[in-house]
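According to this note's numbering, the sequence shown holds residues -17 to 264 in order. We treat Cβ as the ideally placed atom computed from N, Cα and C, and that holds for glycine. Below is one structure, written out as structure tokens, with a few remarks after it.
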Amino acid sequence: MKKTILILFVTLLTSSINAQIETPAPSPFQKIEQKVGLTSVIVEYSRPSMKGRKIFGGLEAYGKVWRTGANENTKITFSTDFMLDGKSLQKGTYALYTIPNKTTWDVILYTDTNNWGTPAKWDENKVAAKITVTPINMPMDVETFTITFDDLTNNSAVLGILWENVYVPLKFETPTDKMVSKSIEKIMAGPSANDMYAAAVYYLEANKDIQIAKTWIDKAVELTAKQPKFWYLRQQSLIHAKAGNKNTAIEAAKKSLELAKQAGNSGYVEMNKASLKEWGAL
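Structure, rendered in structure tokens:
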């Protein structure tokens, strides 16, 4: 009996030690995403609350780098290149740091995003951008730290940083007009030589209408006539052969062979020789 009770006690004790109590995080994590024109912008951060504390000039001292949230550094990701205060920046993920002051704030994009809070050693070489902005005093307090996307247009938005009675606006711009204009120009200009080539090769390999494939590959070769490509001509020879045009297939293969020799591409040299032999031209 005593042994049974002892085993039961040990089992209960072990279960108690292994059990984990789940409680709410003091600074809950949030992930927000906003489409600005054709650019996706994602912010990942943790949200502390005031809880009766003085925040700026108190909990967060003026003149010191702040993680702009709680826990690990706040991250912001841009799916395309973008502009900040007239400076072009590359797409990717940045750590978002700020330096609060009484009349201005510095907002910093830092290329090293693997930090719990601020970096142990600050590296100016990792500062992608540092922008000074003027905060706006609000007539009421925001209890929980908040980041927003405001004043959306097709080409820009304002990243809003809010806590206590402060709103810090950071405007960024996206290359929407450039991207849309480029897309329009491409479509209005019609398919490129690469488009024609890719479509023709697909039709050949998928055993689809070989006459359509022939039209497309001939157009691709025509569009690149000033700078002929041996791999285009190779596919032209194969498509013409499959379409029953042996003479033009041989002509294309011979051109491809000579260009491949000039380029030093032994693989295409051998493939063209094999085809020409098969077609009785060698």
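Check: What residue from R49, T197 and T128 has the CA that sits closest to I14's CA?; Outcome: T128
Check: Pull up the distance between the alpha-carbon of P10 and that of G68, whole angstroms please.; Outcome: 34 Å
Check: Give me, in chain order, the residues of the same chain whose beta-carbon lies closer than 6 Å to that of T56; leave out the 5 immediate sequence neighbours on both sides.; Outcome: Y27, T50 and L78
Check: Give me, in chain order, the residues of the same chain whose beta-carbon lies closer than 6 Å to that of L41; leave out the 5 immediate sequence neighbours on both sides.; Outcome: R35
Check: Have a look at K190 and V162 and give me their C-alpha separation to the nearest angstrom.; Outcome: 33 Å
Check: Could you tell me which residues DSSP pairs with Y79 in its beta bridges?; Outcome: I90
Check: Are the beta-carbon atoms belonging to I58 and V23 less than 8 Å from one another?; Outcome: yes
Check: Taking just the CA atoms, how far does P8 sit from L(-5)?; Outcome: Note that L(-5) scores 48 on pLDDT, short of 50, meaning its location in the model is unreliable; the coordinates nonetheless yield the value given after this. Answer to the nearest angstrom: the Cα atoms are 29 Å apart.
Check: For the alpha helix (DSSP H) that contains L186, what are its first and last residues?; Outcome: A175 to E187
Check: Count the other CB atoms within 10 Å of the CB of Y179; is the residue buried (16 or more) or exposed (fewer)?; Outcome: buried
Check: Apart from the five residues on each side of it in sequence, which residues of its chain come closer than 6 Å, Cβ to Cβ, to I118?; Outcome: Y149
Check: CB-CB under 7 Å to Q193, same chain, minus the five flanking residues each way: which ones, in chain order?; Outcome: A225
Check: Within 10 angstroms of its Cβ, does E125 collect 16 or more other Cβ (buried), or is it exposed?; Outcome: exposed
Check: If we ignore side chains and look at the alpha-carbon of each, how far apart do G39 and D123 end up?; Outcome: 15 Å
Check: Cutting at 8 Å between CB atoms, please list the residues of its own chain near N227, excluding the five before and the five after it.; Outcome: K196
Check: Checking 8 Å against the spacing of the C-beta atoms, do W306 and T80 come in under that value?; Outcome: Lying outside -17 to 264, the shown extent of the chain, residue 306 is not represented and no answer is given.
Check: DSSP on G172, reduced to helix/strand/coil?; Outcome: coil
Check: On the DSSP letters alone, give me the boundaries of the alpha helix (DSSP H) that L258 sits inside.; Outcome: S248 to E260
Check: Would I37 be called buried (16 or more neighbouring beta carbons within 10 Å of its own) or exposed?; Outcome: buried
Check: If I measure Cβ to Cβ from Y44 and keep anything under 8 Å in the same chain, skipping five residues before and after, which residues do I get?; Outcome: F38, P82, N83 and K84
Check: Check the C-beta distance from S70 over to T21 and give it rounded, since I have them as a contact under 8 Å.; Outcome: Actually they are not in contact, since the Cβ atoms of S70 and T21 sit about 13 Å apart, beyond 8 Å.
Check: Taking DSSP as the reference, what is the three-state secondary structure of A110?; Outcome: strand
Check: Please report the distance separating the alpha-carbon of L258 from that of S248.; Outcome: 15 Å
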